[in-house]
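What follows is one structure encoded as C-alpha coordinates, with my remarks underneath.
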Amino acid sequence: MSKLSVLAEGLIGSEIVRLGNEINDRIRKGEKIYNYTIGDFDPSIFPIPKELETLIIESYQKHYTNYPPADGILELRESVLAFLQKHEGLQYSNNEILIASGGRPLIYTTFKILVDKGDKVIYAVPSWNNNHYTNLNQAEHCVVEATPENNFMPTAADIAPHVKGAALICLCTPQNPTGTTLPKEGLDKICQLIIEENASRGENEKKLYLLFDQMYWTLTYGETKHYNPITLQPKMKDYTIFVDGISKVFAATGVRVGWSLGPAHIISKMKALLSHVGAWAPMAEQKATAAYLKQEDAIERYLNHFKNEMINRLNLIHDGFVALKNKGYAVDAIAPQAAIYLTIKMDLVGKSVNGKVLATQSDVTEYILGEAKLAVVPFYAFGAEKTSPWYRLSIGTCKLEDISEMFGKLEAALSKLN
(Lines of atoms letter the chains of each structure in order from A and count residues from 1; the text may use other names and numbers.)
(Lines give C-alpha, C1' and ligand atoms only; values in the text may rest on other atoms or scores of the structure.)
Protein backbone atom coordinates (compact mmCIF):
# COMPACT_ATOMS: atom_id res chain seq x y z
CA MET A 1 0.00 0.00 0.00
CA SER A 2 1.39 3.42 -0.98
CA LYS A 3 2.64 5.82 1.67
CA LEU A 4 0.31 8.68 2.60
CA SER A 5 0.91 12.08 4.18
CA VAL A 6 2.84 12.39 7.45
CA LEU A 7 -0.43 13.36 9.14
CA ALA A 8 -2.30 10.36 7.75
CA GLU A 9 0.46 7.92 8.66
CA GLY A 10 0.43 9.14 12.28
CA LEU A 11 -3.33 9.51 12.61
CA ILE A 12 -4.97 7.85 15.60
CA GLY A 13 -8.69 7.17 15.51
CA SER A 14 -11.01 7.93 18.40
CA GLU A 15 -10.92 5.22 21.07
CA ILE A 16 -14.38 6.36 22.19
CA VAL A 17 -15.85 5.92 18.71
CA ARG A 18 -14.18 2.51 18.38
CA LEU A 19 -15.61 1.37 21.71
CA GLY A 20 -19.02 2.78 20.84
CA ASN A 21 -19.08 0.93 17.50
CA GLU A 22 -18.25 -2.36 19.20
CA ILE A 23 -21.03 -1.88 21.74
CA ASN A 24 -23.55 -0.93 19.05
CA ASP A 25 -22.68 -4.13 17.16
CA ARG A 26 -23.42 -6.18 20.26
CA ILE A 27 -26.70 -4.36 20.85
CA ARG A 28 -27.73 -4.99 17.22
CA LYS A 29 -27.14 -8.70 17.80
CA GLY A 30 -29.68 -8.63 20.62
CA GLU A 31 -27.45 -8.23 23.66
CA LYS A 32 -28.81 -5.95 26.40
CA ILE A 33 -26.06 -3.52 27.38
CA TYR A 34 -26.24 -0.53 29.69
CA ASN A 35 -24.47 1.76 27.24
CA TYR A 36 -23.17 4.67 29.29
CA THR A 37 -20.28 5.45 26.95
CA ILE A 38 -21.39 8.20 24.61
CA GLY A 39 -21.53 11.91 25.35
CA ASP A 40 -24.84 12.09 23.54
CA PHE A 41 -28.54 11.82 24.32
CA ASP A 42 -31.24 9.32 23.52
CA PRO A 43 -33.90 11.63 22.00
CA SER A 44 -36.67 9.35 23.22
CA ILE A 45 -35.53 10.09 26.79
CA PHE A 46 -34.13 13.61 26.38
CA PRO A 47 -35.73 15.36 23.38
CA ILE A 48 -34.75 18.87 22.34
CA PRO A 49 -37.05 21.66 23.58
CA LYS A 50 -40.43 21.50 21.85
CA GLU A 51 -40.28 25.21 21.03
CA LEU A 52 -36.90 24.78 19.33
CA GLU A 53 -38.17 21.78 17.38
CA THR A 54 -41.18 23.79 16.16
CA LEU A 55 -38.96 26.70 15.13
CA ILE A 56 -36.67 24.38 13.15
CA ILE A 57 -39.65 22.87 11.30
CA GLU A 58 -41.04 26.33 10.55
CA SER A 59 -37.65 27.48 9.28
CA TYR A 60 -37.55 24.64 6.76
CA GLN A 61 -41.12 25.36 5.77
CA LYS A 62 -40.04 28.94 5.07
CA HIS A 63 -37.29 27.50 2.84
CA TYR A 64 -34.30 28.67 4.85
CA THR A 65 -32.11 26.15 3.05
CA ASN A 66 -29.44 28.29 1.38
CA TYR A 67 -25.86 28.94 2.47
CA PRO A 68 -25.57 31.01 5.66
CA PRO A 69 -22.94 33.76 6.00
CA ALA A 70 -19.50 32.39 6.83
CA ASP A 71 -19.60 33.79 10.38
CA GLY A 72 -23.27 32.97 10.99
CA ILE A 73 -26.46 34.94 10.42
CA LEU A 74 -26.56 38.30 12.16
CA GLU A 75 -29.71 37.56 14.19
CA LEU A 76 -28.14 34.43 15.68
CA ARG A 77 -24.91 36.22 16.57
CA GLU A 78 -26.94 38.96 18.23
CA SER A 79 -29.14 36.46 20.10
CA VAL A 80 -26.13 34.53 21.40
CA LEU A 81 -24.38 37.72 22.51
CA ALA A 82 -27.50 38.95 24.32
CA PHE A 83 -27.99 35.55 25.98
CA LEU A 84 -24.38 35.38 27.21
CA GLN A 85 -24.37 38.99 28.38
CA LYS A 86 -27.48 38.39 30.47
CA HIS A 87 -26.38 35.09 32.00
CA GLU A 88 -22.58 35.42 32.17
CA GLY A 89 -21.94 39.15 31.91
CA LEU A 90 -19.88 38.68 28.74
CA GLN A 91 -19.83 41.68 26.43
CA TYR A 92 -18.73 41.05 22.85
CA SER A 93 -19.37 42.68 19.48
CA ASN A 94 -20.72 41.09 16.29
CA ASN A 95 -17.21 40.81 14.82
CA GLU A 96 -16.02 38.87 17.88
CA ILE A 97 -18.30 35.85 17.44
CA LEU A 98 -18.25 32.99 14.96
CA ILE A 99 -21.03 30.45 14.38
CA ALA A 100 -20.20 26.89 13.25
CA SER A 101 -21.64 23.38 13.16
CA GLY A 102 -21.03 22.62 16.82
CA GLY A 103 -17.88 22.88 18.89
CA ARG A 104 -15.52 20.55 17.00
CA PRO A 105 -14.82 22.74 13.94
CA LEU A 106 -14.30 25.71 16.27
CA ILE A 107 -11.73 23.82 18.36
CA TYR A 108 -10.05 22.62 15.16
CA THR A 109 -9.81 26.13 13.71
CA THR A 110 -8.61 27.59 17.01
CA PHE A 111 -5.72 25.15 16.94
CA LYS A 112 -5.01 25.82 13.28
CA ILE A 113 -4.99 29.60 13.73
CA LEU A 114 -2.87 29.68 16.90
CA VAL A 115 -0.62 26.61 16.86
CA ASP A 116 2.31 25.98 14.53
CA LYS A 117 4.23 22.74 14.10
CA GLY A 118 6.39 22.25 17.19
CA ASP A 119 4.51 24.77 19.35
CA LYS A 120 3.76 23.79 22.93
CA VAL A 121 0.14 23.00 23.78
CA ILE A 122 -0.72 22.57 27.46
CA TYR A 123 -3.62 20.37 28.48
CA ALA A 124 -4.57 18.12 31.36
CA VAL A 125 -5.53 14.47 31.15
CA PRO A 126 -8.07 13.09 31.24
CA SER A 127 -9.65 15.52 28.78
CA TRP A 128 -11.59 15.23 25.57
CA ASN A 129 -9.58 15.14 22.32
CA ASN A 130 -6.87 17.66 23.23
CA ASN A 131 -4.29 14.96 22.55
CA HIS A 132 -5.73 14.40 19.06
CA TYR A 133 -5.99 18.08 18.13
CA THR A 134 -2.41 18.59 19.29
CA ASN A 135 -1.34 15.62 17.19
CA LEU A 136 -3.21 16.96 14.14
CA ASN A 137 -1.12 20.15 14.41
CA GLN A 138 2.15 18.28 14.99
CA ALA A 139 2.54 20.34 18.13
CA GLU A 140 4.42 19.50 21.32
CA HIS A 141 2.25 17.83 23.96
CA CYS A 142 2.67 19.41 27.41
CA VAL A 143 0.57 17.02 29.43
CA VAL A 144 -0.58 17.64 32.99
CA GLU A 145 -1.67 14.54 34.89
CA ALA A 146 -4.74 15.71 36.84
CA THR A 147 -5.54 13.90 40.08
CA PRO A 148 -8.66 12.80 41.95
CA GLU A 149 -7.58 15.01 44.85
CA ASN A 150 -8.31 18.03 42.59
CA ASN A 151 -11.40 16.42 41.02
CA PHE A 152 -9.27 15.73 37.94
CA MET A 153 -8.94 19.45 37.17
CA PRO A 154 -5.53 21.07 36.50
CA THR A 155 -4.10 23.70 38.83
CA ALA A 156 -1.96 26.75 38.13
CA ALA A 157 0.94 24.95 39.84
CA ASP A 158 0.52 22.04 37.41
CA ILE A 159 0.55 24.36 34.40
CA ALA A 160 3.26 26.83 35.48
CA PRO A 161 6.31 24.72 34.52
CA HIS A 162 5.11 24.54 30.90
CA VAL A 163 4.08 28.14 30.10
CA LYS A 164 7.39 29.51 28.81
CA GLY A 165 7.12 29.53 25.04
CA ALA A 166 3.73 27.80 25.00
CA ALA A 167 1.14 28.79 22.39
CA LEU A 168 -2.09 27.42 23.86
CA ILE A 169 -3.65 26.21 27.11
CA CYS A 170 -6.80 24.09 26.80
CA LEU A 171 -9.38 24.14 29.57
CA CYS A 172 -12.84 22.60 29.67
CA THR A 173 -15.18 23.37 32.57
CA PRO A 174 -17.53 21.73 33.37
CA GLN A 175 -15.27 19.02 32.06
CA ASN A 176 -15.73 16.17 29.66
CA PRO A 177 -15.05 13.41 30.77
CA THR A 178 -15.11 14.00 34.52
CA GLY A 179 -18.28 16.01 35.16
CA THR A 180 -16.26 18.21 37.52
CA THR A 181 -15.55 21.95 37.42
CA LEU A 182 -12.71 24.40 37.90
CA PRO A 183 -13.24 26.30 41.15
CA LYS A 184 -13.19 30.09 41.09
CA GLU A 185 -9.83 30.41 42.81
CA GLY A 186 -8.24 27.77 40.59
CA LEU A 187 -9.39 29.40 37.34
CA ASP A 188 -8.37 32.83 38.63
CA LYS A 189 -4.83 31.64 39.32
CA ILE A 190 -4.52 30.10 35.86
CA CYS A 191 -5.69 33.38 34.32
CA GLN A 192 -3.13 35.33 36.33
CA LEU A 193 -0.46 32.96 35.10
CA ILE A 194 -1.43 33.63 31.47
CA ILE A 195 -1.55 37.40 31.96
CA GLU A 196 1.87 37.44 33.63
CA GLU A 197 3.41 35.24 30.95
CA ASN A 198 2.08 37.42 28.14
CA ALA A 199 3.34 40.57 29.88
CA SER A 200 6.82 39.04 29.80
CA ARG A 201 6.75 38.45 26.04
CA GLY A 202 8.01 40.92 23.47
CA GLU A 203 5.74 42.92 21.17
CA ASN A 204 6.48 40.68 18.19
CA GLU A 205 6.31 37.38 20.09
CA LYS A 206 3.33 35.05 19.84
CA LYS A 207 1.08 35.30 22.87
CA LEU A 208 -0.16 32.48 25.05
CA TYR A 209 -3.89 31.93 24.46
CA LEU A 210 -6.56 30.06 26.37
CA LEU A 211 -9.01 27.78 24.61
CA PHE A 212 -11.94 27.79 27.04
CA ASP A 213 -14.51 25.09 26.31
CA GLN A 214 -17.68 25.81 28.30
CA MET A 215 -20.12 23.67 26.33
CA TYR A 216 -21.65 22.37 29.59
CA TRP A 217 -21.71 25.64 31.55
CA THR A 218 -25.48 25.69 32.14
CA LEU A 219 -25.50 22.12 33.50
CA THR A 220 -24.25 22.65 37.06
CA TYR A 221 -25.92 21.15 40.11
CA GLY A 222 -26.40 22.02 43.76
CA GLU A 223 -23.91 24.57 45.06
CA THR A 224 -21.61 24.20 42.04
CA LYS A 225 -21.09 27.42 40.07
CA HIS A 226 -19.52 28.02 36.67
CA TYR A 227 -16.92 30.76 36.27
CA ASN A 228 -15.39 32.21 33.11
CA PRO A 229 -11.98 33.86 32.60
CA ILE A 230 -13.27 37.27 31.47
CA THR A 231 -15.46 37.90 34.51
CA LEU A 232 -12.61 36.95 36.85
CA GLN A 233 -9.85 38.74 34.93
CA PRO A 234 -11.02 41.30 32.32
CA LYS A 235 -7.53 41.37 30.75
CA MET A 236 -8.14 37.77 29.68
CA LYS A 237 -10.45 39.02 26.93
CA ASP A 238 -7.36 39.59 24.77
CA TYR A 239 -6.21 35.98 25.22
CA THR A 240 -9.37 33.82 25.48
CA ILE A 241 -11.26 31.93 22.77
CA PHE A 242 -14.55 30.50 24.02
CA VAL A 243 -16.14 27.37 22.59
CA ASP A 244 -19.84 26.99 23.34
CA GLY A 245 -23.15 26.03 21.76
CA ILE A 246 -26.53 24.35 22.14
CA SER A 247 -25.38 20.73 21.83
CA LYS A 248 -25.44 19.83 25.52
CA VAL A 249 -27.60 22.51 27.11
CA PHE A 250 -30.63 21.60 24.98
CA ALA A 251 -29.75 17.93 24.25
CA ALA A 252 -29.27 19.12 20.66
CA THR A 253 -26.08 17.34 19.67
CA GLY A 254 -27.33 16.60 16.15
CA VAL A 255 -28.73 20.09 15.54
CA ARG A 256 -25.14 21.36 15.10
CA VAL A 257 -25.13 24.96 16.27
CA GLY A 258 -22.04 26.19 18.12
CA TRP A 259 -20.14 29.43 18.55
CA SER A 260 -16.80 30.91 19.52
CA LEU A 261 -16.10 34.28 21.10
CA GLY A 262 -12.68 35.89 20.99
CA PRO A 263 -10.51 38.79 19.83
CA ALA A 264 -11.73 40.12 16.49
CA HIS A 265 -8.46 39.48 14.62
CA ILE A 266 -8.49 35.82 15.70
CA ILE A 267 -12.18 35.30 14.98
CA SER A 268 -11.70 36.78 11.49
CA LYS A 269 -8.93 34.26 10.73
CA MET A 270 -11.05 31.39 12.08
CA LYS A 271 -13.88 32.60 9.84
CA ALA A 272 -11.56 32.63 6.82
CA LEU A 273 -10.39 29.09 7.52
CA LEU A 274 -13.93 27.78 8.06
CA SER A 275 -15.00 29.42 4.79
CA HIS A 276 -12.75 26.89 3.04
CA VAL A 277 -13.85 23.95 5.19
CA GLY A 278 -17.55 24.80 4.99
CA ALA A 279 -18.42 23.64 8.53
CA TRP A 280 -21.35 26.02 8.88
CA ALA A 281 -24.39 25.42 11.02
CA PRO A 282 -27.40 24.87 8.70
CA MET A 283 -29.38 28.00 7.87
CA ALA A 284 -32.72 26.70 9.22
CA GLU A 285 -31.17 25.65 12.54
CA GLN A 286 -29.48 29.05 12.84
CA LYS A 287 -32.78 30.85 12.28
CA ALA A 288 -34.54 28.64 14.83
CA THR A 289 -31.82 28.97 17.47
CA ALA A 290 -31.77 32.75 17.07
CA ALA A 291 -35.49 32.89 17.86
CA TYR A 292 -35.39 30.29 20.64
CA LEU A 293 -32.61 31.99 22.63
CA LYS A 294 -34.98 34.94 23.13
CA GLN A 295 -37.61 32.72 24.80
CA GLU A 296 -36.33 33.05 28.35
CA ASP A 297 -39.38 31.48 30.02
CA ALA A 298 -39.31 28.45 27.73
CA ILE A 299 -35.58 28.00 28.31
CA GLU A 300 -36.01 28.20 32.08
CA ARG A 301 -38.79 25.60 32.04
CA TYR A 302 -36.74 23.26 29.88
CA LEU A 303 -33.59 23.58 31.96
CA ASN A 304 -35.42 23.10 35.26
CA HIS A 305 -36.85 19.79 34.03
CA PHE A 306 -33.73 18.69 32.12
CA LYS A 307 -31.31 19.38 34.97
CA ASN A 308 -33.57 17.65 37.47
CA GLU A 309 -33.59 14.53 35.29
CA MET A 310 -29.79 14.70 34.99
CA ILE A 311 -28.97 15.11 38.67
CA ASN A 312 -31.44 12.40 39.70
CA ARG A 313 -29.61 9.88 37.52
CA LEU A 314 -26.15 11.08 38.54
CA ASN A 315 -27.00 10.90 42.24
CA LEU A 316 -28.59 7.46 41.98
CA ILE A 317 -25.58 6.02 40.18
CA HIS A 318 -23.09 7.80 42.47
CA ASP A 319 -24.89 6.48 45.55
CA GLY A 320 -24.95 3.00 44.02
CA PHE A 321 -21.17 2.97 43.59
CA VAL A 322 -20.64 4.30 47.11
CA ALA A 323 -22.90 1.54 48.44
CA LEU A 324 -20.79 -1.06 46.61
CA LYS A 325 -17.63 0.53 48.01
CA ASN A 326 -19.07 0.31 51.52
CA LYS A 327 -19.66 -3.41 50.96
CA GLY A 328 -15.94 -3.82 50.35
CA TYR A 329 -15.80 -3.84 46.56
CA ALA A 330 -12.90 -1.98 44.90
CA VAL A 331 -15.05 0.69 43.27
CA ASP A 332 -15.69 4.37 43.95
CA ALA A 333 -17.23 7.52 42.45
CA ILE A 334 -16.72 11.28 42.69
CA ALA A 335 -19.79 13.25 43.74
CA PRO A 336 -21.46 14.78 40.67
CA GLN A 337 -20.95 18.48 40.06
CA ALA A 338 -21.97 19.22 36.48
CA ALA A 339 -22.48 18.06 32.88
CA ILE A 340 -23.83 14.59 32.03
CA TYR A 341 -20.90 12.60 33.37
CA LEU A 342 -19.94 10.74 36.51
CA THR A 343 -16.36 9.81 37.33
CA ILE A 344 -16.23 6.24 38.62
CA LYS A 345 -13.41 3.97 39.71
CA MET A 346 -13.06 0.22 39.18
CA ASP A 347 -9.74 -0.78 40.69
CA LEU A 348 -9.88 -4.45 39.75
CA VAL A 349 -6.54 -5.19 38.08
CA GLY A 350 -4.97 -8.28 39.64
CA LYS A 351 -8.26 -9.85 40.60
CA SER A 352 -9.26 -13.13 39.00
CA VAL A 353 -12.30 -15.13 38.01
CA ASN A 354 -12.28 -18.86 37.26
CA GLY A 355 -8.48 -18.80 37.28
CA LYS A 356 -8.24 -15.95 34.75
CA VAL A 357 -6.47 -12.84 36.01
CA LEU A 358 -7.57 -9.35 35.02
CA ALA A 359 -4.03 -8.27 34.19
CA THR A 360 -4.74 -4.86 32.64
CA GLN A 361 -7.32 -2.13 32.88
CA SER A 362 -8.47 -3.16 29.41
CA ASP A 363 -9.20 -6.60 30.86
CA VAL A 364 -11.30 -4.93 33.57
CA THR A 365 -13.25 -2.96 30.97
CA GLU A 366 -13.95 -6.11 28.96
CA TYR A 367 -14.92 -8.12 32.04
CA ILE A 368 -17.40 -5.50 33.28
CA LEU A 369 -18.88 -5.22 29.80
CA GLY A 370 -19.14 -8.96 29.29
CA GLU A 371 -20.29 -9.97 32.76
CA ALA A 372 -22.27 -6.95 34.03
CA LYS A 373 -23.24 -5.59 30.59
CA LEU A 374 -22.04 -2.16 31.75
CA ALA A 375 -20.29 -0.09 29.07
CA VAL A 376 -18.25 2.88 30.28
CA VAL A 377 -15.22 4.69 28.84
CA PRO A 378 -11.82 4.27 30.52
CA PHE A 379 -9.89 7.44 31.22
CA TYR A 380 -7.04 6.15 29.07
CA ALA A 381 -9.31 6.92 26.10
CA PHE A 382 -8.97 10.56 27.20
CA GLY A 383 -5.18 10.57 27.31
CA ALA A 384 -4.66 9.26 30.86
CA GLU A 385 -2.26 6.43 31.66
CA LYS A 386 -3.25 2.95 30.49
CA THR A 387 -3.16 1.88 34.14
CA SER A 388 -5.74 4.42 35.33
CA PRO A 389 -8.65 2.69 37.10
CA TRP A 390 -10.99 5.64 36.48
CA TYR A 391 -13.85 5.80 33.96
CA ARG A 392 -16.37 8.19 32.44
CA LEU A 393 -20.00 7.19 32.85
CA SER A 394 -22.42 9.17 30.69
CA ILE A 395 -26.13 9.35 31.53
CA GLY A 396 -27.39 10.72 28.21
CA THR A 397 -28.98 7.39 27.30
CA CYS A 398 -29.75 6.25 30.86
CA LYS A 399 -33.26 5.09 31.73
CA LEU A 400 -34.15 5.47 35.40
CA GLU A 401 -35.73 2.03 35.50
CA ASP A 402 -32.46 0.42 34.33
CA ILE A 403 -30.28 1.70 37.17
CA SER A 404 -31.30 -0.79 39.86
CA GLU A 405 -31.07 -3.69 37.42
CA MET A 406 -27.63 -2.55 36.27
CA PHE A 407 -26.30 -2.44 39.83
CA GLY A 408 -27.64 -5.92 40.48
CA LYS A 409 -25.63 -7.28 37.56
CA LEU A 410 -22.57 -5.22 38.49
CA GLU A 411 -22.54 -6.51 42.07
CA ALA A 412 -22.96 -10.06 40.81
CA ALA A 413 -19.96 -9.57 38.51
CA LEU A 414 -17.85 -8.05 41.29
CA SER A 415 -18.74 -10.84 43.71
CA LYS A 416 -17.23 -13.44 41.33
CA LEU A 417 -13.77 -11.83 41.52
CA ASN A 418 -11.09 -13.15 43.85
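The numbers in UniProt numbering rise by one with no breaks, and the one at position 60 of the sequence shown is 60. Idealized CB from N, CA, C, for every residue including glycine. Just so it is clear, the structure is predicted and the values come from calculations on it, not from any experiment.
message: I'd like the span of the alpha helix (DSSP H) that includes Arg77, first residue to last.
response: Leu74 to Glu88
query: How many angstroms separate the CA atom of Leu55 from the CA atom of Met236?
result: 36 Å
- request: Could you tell me if Gln361 is buried or exposed, where buried requires 16 or more neighbouring beta carbons within 10 angstroms of its beta carbon?
  value: buried
field: Segment contact, 8 Å Cβ cut-off, at least three pairs: the stretch 168–186 with the stretch 218–225
entry: yes
message: Runs of 3 residues minimum, wholly inside the stretch 364–414: which ones carry the beta strand (DSSP E) assignment?
response: 390–394
message: Here's the rule I'm using: 16 or more other beta-carbon atoms within 10 Å means buried, otherwise exposed. How should Ala147 be labelled?
response: The question names Ala, but residue 147 in the sequence shown is Thr. Looking at its Cβ environment, which holds fewer than 16 other Cβ atoms inside 10 Å, Thr147 is exposed.
message: For the stretch 67–80 against the stretch 96–106, do three or more pairs of beta-carbon atoms, one drawn from each stretch, fall closer than 8 Å, so that the two count as touching?
response: yes
- request: Sort Met1, Met310 and Ile344 by Cα distance to Ser320 and report the nearest one.
  value: The residue asked about is misnamed: residue 320 is Gly in this sequence, not Ser. Of Met1, Met310 and Ile344, the residue nearest in Cα terms is Ile344.
task: Please classify Ser2: is it buried, with 16 or more other beta-carbons within 10 angstroms of its beta-carbon, or exposed?
output: exposed
- prompt: Taking 7 Å as the CB-CB cut-off, is Asn137 touching chain B?
  reply: Protein chain content of the structure displayed is limited to a single chain, and chain B is not contained in it.
field: Inter-residue Cα distance where the pair is Pro378 and His63
entry: 44 Å
field: Cβ-Cβ separation, Phe242 to Phe212 (assumed contact under 8 Å), whole Å
entry: 5 Å
field: Residue from Arg104, Lys399 and Glu196 whose Cα sits closest to the Cα of Gln233
entry: Glu196
message: So, for Phe83: in the same chain, excluding its five sequence neighbours on each side, which residues have a beta-carbon less than 6 Å away from its beta-carbon?
response: Leu293
query: Count the other CB atoms within 10 Å of the CB of Ala167; is the residue buried (16 or more) or exposed (fewer)?
result: buried
- prompt: How big is the Cα-Cα spacing for Thr231 and Val144?
  reply: 25 Å
query: Taking DSSP as the reference, what is the three-state secondary structure of Ile159?
result: helix
message: With a threshold of 8 Å, are at least 3 pairs of Cβ atoms found where one atom belongs to the stretch 350–365 and the other to the stretch 121–128?
response: no
- request: Please state if the CB of Lys351 and the CB of Leu303 are separated by a distance shorter than 7 Å.
  value: no
message: Going by DSSP in three states, Lys184 sits in which element: helix, strand or coil?
response: helix
message: With a threshold of 8 Å on Cβ separation, who are the neighbours of Ile23 within its own chain once the five nearest residues in sequence on each side are excluded?
response: Ile33, Asn35, Thr37, Leu369 and Ala375
- prompt: For Glu411, which residues of its own chain have a beta-carbon under 7 Å away from its beta-carbon, when the five flanking residues on both sides are left out?
  reply: Leu324
- prompt: Would DSSP call Asp332 helix, strand or coil?
  reply: strand
query: If you count every other CB in all the chains shown that lies within 10 Å of the CB of Asp119, and 16 or more means buried, which is it?
result: buried
message: Please report the straight-line C-alpha distance between Leu393 and Thr365, rounded to a whole angstrom.
response: 12 Å
- request: May I ask which residues mark the beginning and end of the alpha helix (DSSP H) holding Met236?
  value: Careful: Met236 lies outside any alpha helix (DSSP H) and carries neither H nor E.
Sequence-distant residues of its chain with Cβ nearer than 7 Å to Tyr380 (five each side left out): Gln361, Lys386 and Ser388
query: With a Cβ-Cβ cutoff of 7 Å, do Lys112 and Leu219 count as a contact?
result: no
message: Could you check whether Thr240 and Leu210 sit closer than 7 Å to each other, using their CB atoms as the reference points?
response: yes
- prompt: From Glu401, Phe407, Met406 and Gly408, pick the residue whose C-alpha is nearest to that of Ile45; which is it?
  reply: Glu401
message: Tell me the residue span of the beta strand (DSSP E) that contains Lys29.
response: Unbroken run through Lys29: none, as it is neither H nor E.
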